[in-house]
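Since the structure comes first, as structure tokens, the remarks are kept for the end.
Protein chains: 2
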Amino acid sequence: MGEEETKIPKEELIRAIDARDGSALLAAAEDIHYADLAHLYENLDDEDRDFFLKTIGPELATDVVAELPYPLIEGALNHFKPAQLRVLLGNLSDDDRVDVFQVVSEEAQVRFFSLLGPRDKELTRNLLKYEEDTAGGRMTTHCGRITADMSVKQAITVLRRDKDSAETLSRIFVVDDQARLVGKIRLRDLAFNTWDTPIRDIMEEASEFVLATADQEEAARTLSKYDLVVLPVVDEFHHLLGVITYDDALEILQEESTEDIEKIAGISGEQSEVSYLNTSVSTQYKRRVTWLIGLAFVSIASGYVMYRFNNILGQAKLLALFLPMVVAAGGNSGGQAATMVIRSMALGEISTGNALRVAWKETRTGFFLGLSLAVAIALFISLVLPHLQKTTGSAFDFAHLALAVAIALTVQVLSATVLGALLPIFARSIRLDPAVVSAPSLASTVDVSGMMIYFTVAGAILHL
Amino acid sequence: MGEEETKIPKEELIRAIDARDGSALLAAAEDIHYADLAHLYENLDDEDRDFFLKTIGPELATDVVAELPYPLIEGALNHFKPAQLRVLLGNLSDDDRVDVFQVVSEEAQVRFFSLLGPRDKELTRNLLKYEEDTAGGRMTTHCGRITADMSVKQAITVLRRDKDSAETLSRIFVVDDQARLVGKIRLRDLAFNTWDTPIRDIMEEASEFVLATADQEEAARTLSKYDLVVLPVVDEFHHLLGVITYDDALEILQEESTEDIEKIAGISGEQSEVSYLNTSVSTQYKRRVTWLIGLAFVSIASGYVMYRFNNILGQAKLLALFLPMVVAAGGNSGGQAATMVIRSMALGEISTGNALRVAWKETRTGFFLGLSLAVAIALFISLVLPHLQKTTGSAFDFAHLALAVAIALTVQVLSATVLGALLPIFARSIRLDPAVVSAPSLASTVDVSGMMIYFTVAGAILHL
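Protein sequences appear in the order of chains A and B.
The numbering of the first sequence is the working numbering, which starts it at 1 and goes up by one.
The numbering of the second sequence is the working numbering, which starts it at 1001 and goes up by one.
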């Protein structure tokens, strides 16, 4: 992207806002994509936002508002007078309008709804029936739609009438007289065929579709898997309700990836639509504090094991040197396994039916990982440690210490790996998001087992 | 997706392969999307793969091969005789063909290259100049391309000639007589304008483009930000070289998300193109073992701190109860902060210039998190613990223990949060991927500081 070229209009825009210069603002705004205008808006203070929105007017403001992070939308709309708001809400594409109604307060919902025309009212009411995160909640009803008995010429006439409202015409869907989806056709097939060709003869089967009640992620994955620009959304009677487009799929998959990454790190709650820098400290705090405090109490269990076995540490002081290692190795290896499995589930590669295959694969992987780690550390203890630590007062030899640490590491890594891989699958099987198995909660759990394994093995081998 | 409908042809296909029944296989394959055929292929053994590929023939095989995970491509191509291979390689779209050359062995590169026609040879050689992960390495040169001085009729004639080879015609690019990008137009604008309209009058400015040498992620983010179906790729003289399409963007962003998720979990190396279940145990092992062993040695530092301060644990046994908590709270809060920042950088929300704002935000967030945790645990120690733990032999009172743990928790969480947020920014500033700051490596680091903070604070307050 020509970063250096786009920077200048942006600076001019900021200057125009600071100077409250309406015509300079309009001139600058003309050269900036509305996605970038929305980004600039995010970083303005409230007075500047007011001036900006009132100056660009409801037409351009429609495009900007549609690009805003959800929490900023209601505030932006409140800058407009009812007459302007009526234009703006009418201009919004139907899926963006539904998004607005889904994110504003109830008071605003009622007020905004009263400003809609009768057709938009009905459309919005129908679309609001679908949950926000379903295919129906994300779809637009504006799509190229023709019937099989039309000729190419009739089809072009119909589509020309709709061309401004249709979200995309690169795929056009063919319905029967009951409005059921029967086929699809590309605009290029219309452009490159004679005008009397019947649509029926050139349409293809519409074999990819999604139910309106399906999860939005399923719709996005289908679009992605089959490289579709547009995916039709149908009801249980196969009526064509609308379409989901490639840009929705991009957005959905990015949102889901962010959500998974955050969950794995033990960050809870809804992913904020606002960018990191514009998210308040209190929101950041709220999303992290629950896990932190919960995990802290889980850690008391590890502490209790340590407290109970404290006499072993007193008798063989060198054991302390490897306690954090055995404990952490479980968290690390379990976290790796859980992450692999959670991501594979998100990409649709693993389902709960694969639990046994996953368990067997991770048993072998975990065993070899644990063994490698055990050998590396045993060598360190037998060969390096005696030179570093000549003045130890411990009563046992390094070979026994090496053996104890090695056995504990193998058992700890193997069990944590298998547990880390299976917990997300178990979560899915009881209809939870696999990513609830966050890496920190897994680590806190295997910390406890790690302490017990280490003290038990060391106690037995070193006769403590 | 009509899961129940698509299942049956898939089962028929498997049965046909098992029975070595060629015509049944062909009949079943006809009803299955090639993306699904590629997925089925992945799960076949080598003999079945051979029968499958030879039966479906080079035409359909082209589509299937283009969808295969990279590591399986060379093996698949080796099932074909040179004459068939020539057809298959010629059928591939130019970006898929370049992908093939980028992933096969050198021996196969030479052999496959000799089978290409002269035009494909030159095209492939040109495209191979670009690194695999740049816009140039991902682009296809097949795109709708017309000049500004054409009429709509001339443009349609040119495009009709290219219509099968062009990846997408929903955006057509306009070049000048030097092949420099000057504008863009939509197919619908051709379809809905009179035949004598000059292209110059109806074309728009092509203000979004990407340099061929730019990172593929930049191209994908631009496509996503501006909701584009097609993004033109140019060289430094603004010559139109090719396009990147929405489906490339989807793939790139999914790959990058997976890579980030894995890196954060301490999984190294190239993300495998093969699905989890088809990845060998040895590959899984190799990607995880380096971090595990490296982190284990880092943990010896924590162990050393514990070993040195062991006498404090001996004097005040109850301190052991909260040691794992203080230590883990640092890893957890640091991991949360690092994850937020790494993801925000991946989404382009934060750059290195924002380091101070991030530091200030995380200082406040970290302070409040640490304080909340401190209060919760101090209350637990003062109010709950005395009832659970009446027979303690320790010489100090619970109020002092509560104070020591609370101070240690606050310092540990605050410092780990700020460190976790700043390390990814620091990594970016020295041109490393921010996600190298994996959660486990951060945890192992703050484990050491956590131990030292805890023992120092406790030693001072409890006079040990």
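Built from N, CA and C at the ideal position, the CB exists for glycine as well.
Here the structure is a predicted model, which means the values were calculated and not measured.
Inter-residue Cα distance where the pair is residue i and residue j
i         : j         : result
B/Val1418 : B/Thr1365 : 9 Å
A/Ala61   : A/Ser438  : 41 Å
A/Val65   : A/Arg125  : 21 Å
A/Leu369  : B/Tyr1070 : 26 Å
A/Gly335  : B/Leu1385 : 31 Å
B/Ile1056 : B/Arg1049 : 11 Å
A/Leu113  : A/Lys121  : In the sequence as displayed, the identity of residue 113 of chain A is Phe instead of Leu. Answer to the nearest angstrom: the Cα atoms are 7 Å apart.
B/Met1345 : B/Gln1178 : 38 Å
B/Glu1074 : B/Val1098 : 13 Å
A/Gly90   : A/Asp176  : 29 Å
B/Gly1144 : A/Ile17   : 40 Å
A/Asn354  : B/Leu1026 : 29 Å
B/Asp1189 : B/Ile1202 : 8 Å
A/Gln154  : B/Met1150 : 27 Å
B/Ile1008 : B/Ala1028 : 9 Å
B/Phe1426 : B/Leu1040 : 44 Å
A/Leu241  : A/Val289  : 42 Å
B/Val1152 : B/Arg1357 : 53 Å
A/Met340  : A/Ile300  : 28 Å
A/Val100  : B/Val1411 : 42 Å
A/Leu92   : A/Ser105  : 18 Å
A/Ser449  : B/Pro1324 : 13 Å
A/Arg20   : A/Phe51   : 7 Å
B/Asp1063 : B/Ser1351 : 40 Å
B/Ala1395 : B/Gly1459 : Because the pLDDT of B/Ala1395 is 48, which lies under 50, any placement of that residue in the model is unreliable, and the question is left without a value.
B/Ser1333 : B/Gly1420 : 8 Å
B/Ser1275 : A/Ile264  : 20 Å
A/Leu371  : A/Thr363  : 12 Å
A/Ser224  : A/Gly348  : 12 Å
Start-to-end residues for the beta strand (DSSP E) that takes in residue i
i         : result
A/Lys317  : Neither: A/Lys317 is in no beta strand (DSSP E) and is coded neither H nor E.
A/Pro434  : Element bounds for A/Pro434: n/a, residue is neither H nor E.
A/Ile350  : Note, A/Ile350: premise wrong, no beta strand (DSSP E); not H, not E.
B/Leu1228 : Here B/Leu1228 belongs to no beta strand (DSSP E), and DSSP marks it neither H nor E.
B/Thr1134 : B/Thr1134 -> no beta strand (DSSP E), and no H or E assigned at all.
B/Gly1183 : Leu1181 to Arg1186
A/Val384  : Here A/Val384 belongs to no beta strand (DSSP E), and DSSP marks it neither H nor E.
A/Thr140  : Taken as a continuous stretch (DSSP letters only), A/Thr140 belongs to no beta strand (DSSP E), as it is neither H nor E.
B/Ile1199 : Element bounds for B/Ile1199: not the beta strand (DSSP E) but the alpha helix (DSSP H), Ile1199 to Ile1202.
Rounded distance between the beta-carbons of residue j and residue i, thought under 8 Å
i         : j         : result
B/Ala1416 : B/Tyr1454 : 13 Å between Cβ atoms; not a contact.
A/Leu404  : A/Leu462  : Reading off the sequence shown, one finds Ala at residue 404 of chain A, where the question assumed Leu. Contact flag correct, Cβ pair sits at about 6 Å.
B/Arg1111 : A/Phe192  : No, B/Arg1111 and A/Phe192 are not in contact; Cβ-Cβ is about 38 Å, not under 8 Å.
A/Leu231  : A/Ile244  : 5 Å
A/Val327  : A/Asp133  : In fact, because the Cβ distance is near 38 Å, the residues do not count as touching under 8 Å.
B/Ile1430 : B/Ala1402 : The Cβ separation is near 42 Å, so there is no contact.
B/Ala1135 : B/Gln1216 : 6 Å
A/Thr141  : A/Asp94   : 5 Å
B/Lys1184 : B/Ile1172 : 7 Å
A/Leu85   : A/Leu115  : 6 Å
Limits of the unbroken alpha helix (DSSP H) element including residue i
i         : result
B/Ile1056 : Asp1046 to Glu1067
B/Ile1244 : No alpha helix (DSSP H) contains B/Ile1244, which is instead part of the beta strand (DSSP E) from Leu1240 to Thr1245.
B/Ile1073 : Tyr1070 to Leu1077
A/Ile293  : Val281 to Arg308
A/Arg125  : Pro118 to Leu127
A/Ile453  : Ala439 to Ile461
Residues in the segment 26 to 43 of chain A having any Cβ partner in chain B nearer than 7 Å: His33 and Ala35
Given 8 Å, three or more beta-carbon pairs between the segment 1253 to 1260 of chain B and the segment 1197 to 1212 of chain B: Three or more beta-carbon pairs separated by less than 8 Å are not found between the segment 1253 to 1260 of chain B and the segment 1197 to 1212 of chain B, which leaves the two stretches without contact.
Proximal residues, the segment 1328 to 1340 of chain B versus chain A, C-beta separation under 9 Å: Ala1328, Ala1329, Gly1331, Asn1332, Ser1333, Gly1335, Gln1336, Ala1337, Ala1338, Thr1339 and Met1340
Residues of the segment 1242 to 1262 of chain B whose Cβ lies closer than 8 Å to any Cβ of chain A, in chain order: Tyr1246, Asp1247, Ala1249, Leu1250, Glu1251, Leu1253, Gln1254, Ser1257, Thr1258, Asp1260, Ile1261 and Glu1262
Touch test, the segment 1424 to 1442 of chain B against the segment 1284 to 1296 of chain B, Cβ-Cβ under 8 Å, three pairs minimum: yes
Against chain B: residues of the segment 291 to 306 of chain A by CB proximity under 9 Å: The residues in question are Trp291, Leu292, Ile293, Leu295, Ala296, Phe297, Val298, Ser299, Ile300, Ala301, Ser302, Gly303, Tyr304, Val305 and Met306.
Chain B contacts from the segment 434 to 447 of chain A (Cβ-Cβ distance under 8 Å): Ala439, Pro440, Ala443, Ser444 and Asp447
Residues within the segment 109 to 134 of chain A neighbouring chain B, beta-carbon criterion of under 8 Å: none
Interfacial residues, the segment 222 to 238 of chain A to chain B, with Cβ spacing under 7 Å: For the segment 222 to 238 of chain A, which is checked against every Cβ of chain B, the residues closer than 7 Å are Thr222, Ser224, Lys225, Tyr226, Asp227 and Val229.
Contact residues within the segment 267 to 281 of chain A, judged by C-beta distance below 7 Å to chain B: Ile267, Ser275, Tyr276, Leu277 and Val281
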